[in-house]
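In this note's numbering, the protein residues as written are 364 to 737.
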């Protein structure tokens, strides 16, 4: 997990807090906490449940372009070593395992875009052994360096800039519900404390999804542009844009519109707008940003305006965010997703956003079923 989630869960973000984690999760054999430029720390257990805490500094990247996806590369490299039995999951082997993974993660930061590095490896038919060998080389050098241009791996624009098909991305996301209502208080009672807290958060996960589904439908019914929005959704190709966890929500929106409604839709991260130079007059953009303050999503909005896109939708939890202000000032419709506190279970805010997308884009037959169940 990343250090931000770890800190939220244990109220501390350092290797000394590992002891508290060990007490709560007695059967966890390996924990790795990624801490950005500070490196990684965690623990590994031995066969007799003895534990060894470790902390390793990050491997520097000579041309740091984009850290998005670095954690995913690190986890993938660790799993590849374990599943292919290149390394034993035992005390004493963790340093080699992590150095190879950190080397690949650092190399991936040499390129713009979370998936550019994986595209480069795929295009060059680099197999698992060769990829891990790259990690070993970087670890031995103590620094990641690539002679390839930083925009390598970014897809070239097509005649129609977007191909309408889904991405396979990690379902990384959002926020945790703050216990406010009586129903939620019962889920976060003293009985759910300590080891059972994770299960309590899981039980809470669907509450914001159903609430936001209803809230967004109400917002649509009271929107001045209700008829226009419904018409655009049915008749115009939709372009869902999100980064990080919001990209996962964007992919869900694409699948919802394309697979269930039969309408063209595409999900992209913000940087894929950058190569486009011709005006986009034939798409209806949907920007998704839970906090509405990410620089990349703000840049995407400005880019769409520069490409003469005059209308679109925004989904965010903060009505006072910079994205909400820019969108409202430009006449775009802003839908507000209910806010939730960040927690150890990083799925609640994502589900709230999913509920919002269902409220707007779900086909009639699915909405009838949802209205009945909710």
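In this text, a Cβ means the ideal position worked out from N, Cα and C, and glycines have one as well.
**OP:** Would you mind sorting residue 669 into buried or exposed? The rule is 16 or more other CB atoms within 10 Å of its CB.
**Re:** The residue labelled residue 669 in the question sits at position 306 within the chain shown. Exposed, since its Cβ has fewer than 16 Cβ neighbours within 10 Å.
**OP:** Classify residue 372 as buried or exposed, calling it buried when 16 or more other Cβ atoms lie within 10 Å of its own Cβ.
**Re:** Here residue 372 is taken as the residue at index 9 of the chain shown, counted from 1. With 16 or more other Cβ atoms within 10 Å, it is buried.
Original post:
Straight-line CA distance for residue 553 to residue 683?
Top reply: As a working mapping, residue 553 is identified with position 190 in the chain shown. As a working mapping, residue 683 is identified with position 320 in the chain shown. Its pLDDT being 39, under 50, residue 553 is placed unreliably by the model, and the measurement read from it follows with that caveat. Distance between the alpha carbons of residue 553 and residue 683: 35 Å.
**OP:** Can you grab the Cα-Cα spacing for the pair residue 411 / residue 452, in whole Å?
**Re:** As a first step, residue 411 must be located in the chain shown, where it is residue number 48. As a first step, residue 452 must be located in the chain shown, where it is residue number 89. Approximately 13 Å between the Cα atoms of the pair.
Subject >> Three-state secondary structure assigned by DSSP to residue 425 >> reply: The sequence position of residue 425 within the chain shown is 62, counting from 1. Coil, per DSSP.
Original post:
For the candidate residues 679, 636, 688, whose alpha-carbon lies nearest to that of residue 741?
Top reply: Because the chain spans 364 through 737 in this model, residue 741 falls outside it and cannot be assessed.
Original post:
Which one of 484, 432, 496, 487 has the shortest CA to CA distance from residue 459?
Top reply: Position 96 of the chain shown, counting from 1, holds the residue named residue 459. Considering only alpha carbons, the answer is 496.
Original post:
Would you call the CB atoms of residue 620 and residue 724 closer than 8 Å?
Top reply: Residue numbering aside, residue 620 sits at position 257 when the chain shown is read from its first letter. Residue numbering aside, residue 724 sits at position 361 when the chain shown is read from its first letter. Yes, they are a contact pair.
Subject >> Sequence-distant residues of its chain with Cβ nearer than 8 Å to residue 586 (five each side left out) >> reply: By 1-based counting over the chain shown, the position of residue 586 is 223. Excluding sequence neighbours, residue 586 sits near 592, 696.
Subject >> Contacts around residue 699, its chain only, beta-carbon distance under 6 Å, and the 5 residues preceding and following it disregarded >> reply: Locating residue 699 in the chain shown gives position 336, where the first residue counts as 1. Its chain contains 682 as the residues whose beta carbon lies nearer than 6 Å to that of residue 699, once the 5 sequence neighbours on both sides are disregarded; these appear in chain order.
**OP:** Put residue 516 into one of helix, strand or coil per three-state DSSP.
**Re:** Here residue 516 corresponds to residue number 153 of the chain shown, with the count starting at 1. When DSSP states are grouped into helix, strand and coil, residue 516 belongs to the coil group.
Original post:
Residues bridged to residue 408 by DSSP?
Top reply: Within the chain shown, residue 408 is the residue found at index 45, counting from 1. Partner(s): 414.
**OP:** Could you tell me the distance, in whole angstroms, from the CA atom of residue 738 to the CA atom of residue 494?
**Re:** Given that the chain is displayed from residue 364 to residue 737, the structure contains no residue 738 and the question cannot be resolved.
Subject >> Nearest candidate by alpha-carbon position, reference residue 425, set 438, 449, 472 >> reply: Indexing the chain shown from 1 puts residue 425 at position 62. For residue 425, the nearest C-alpha among the options comes from 472.
**OP:** For residue 461, collect the residues of the same chain with a Cβ closer than 7 Å to its Cβ; drop the 5 residues on either side in sequence, then sort them by chain order.
**Re:** By one-based count along the chain shown, residue 461 stands at place 98. 403, 419.
Original post:
Along the chain, where does the beta strand (DSSP E) that runs through residue 628 open and close?
Top reply: Translated into positions along the chain shown, residue 628 becomes position 265. Taken as a continuous stretch (DSSP letters only), the beta strand (DSSP E) holding residue 628 covers 628-631.
Original post:
What are the boundary residues of the alpha helix (DSSP H) that residue 658 is part of?
Top reply: As a first step, residue 658 is located in the chain shown; it is residue number 295 there, counting from the start. Unbroken alpha helix (DSSP H) run through residue 658: 658-669.
Subject >> Assigned exposure category for residue 708 - 16 Cβ within 10 Å defines buried >> reply: Indexing the chain shown from 1 puts residue 708 at position 345. Unreliable placement is indicated for residue 708, whose pLDDT of 41 sits below 50; no coordinate value is reported for it.
Original post:
In this structure, does DSSP put residue 645 in helix, strand or coil?
Top reply: Counted from its first residue, the chain shown places residue 645 at position 282. Three-state result, residue 645: coil.
Original post:
Relative to the C-alpha of residue 579, which residue among 662, 679, 628 is closest?
Top reply: Locating residue 579 in the chain shown gives position 216, where the first residue counts as 1. Taking only the C-alpha atoms, the option nearest residue 579 is 679.
Original post:
Do residue 651 and residue 612 have their C-beta atoms closer together than 8 Å?
Top reply: Working through the chain shown from its first residue, we reach residue 651 at position 288. Working through the chain shown from its first residue, we reach residue 612 at position 249. Yes; because the gap between Cβ atoms is below 8 Å, this pair is in contact.
Subject >> Rounded separation between residue 599 and residue 627 - CA only >> reply: The sequence position of residue 599 within the chain shown is 236, counting from 1. The sequence position of residue 627 within the chain shown is 264, counting from 1. Put simply, the backbone Cα of residue 599 is about 8 Å away from that of residue 627.
Subject >> Start-to-end residues for the alpha helix (DSSP H) that takes in residue 678 >> reply: Looking up residue 678 in the chain shown gives position 315. It is not in any alpha helix (DSSP H) - residue 678 instead sits in the beta strand (DSSP E) that spans 676-679.
Original post:
What whole-angstrom Cβ distance do residue 422 and residue 465 have, given they're in contact under 8 Å?
Top reply: As a position in the chain shown, residue 422 is number 59, starting the count at 1. As a position in the chain shown, residue 465 is number 102, starting the count at 1. Contact holds; Cβ gap of about 5 Å.
Original post:
Whose C-alpha, out of 677, 571, 576, is nearest the C-alpha of residue 602?
Top reply: Your numbering for residue 602 matches position 239 in the chain shown. Answer by Cα proximity: 677.
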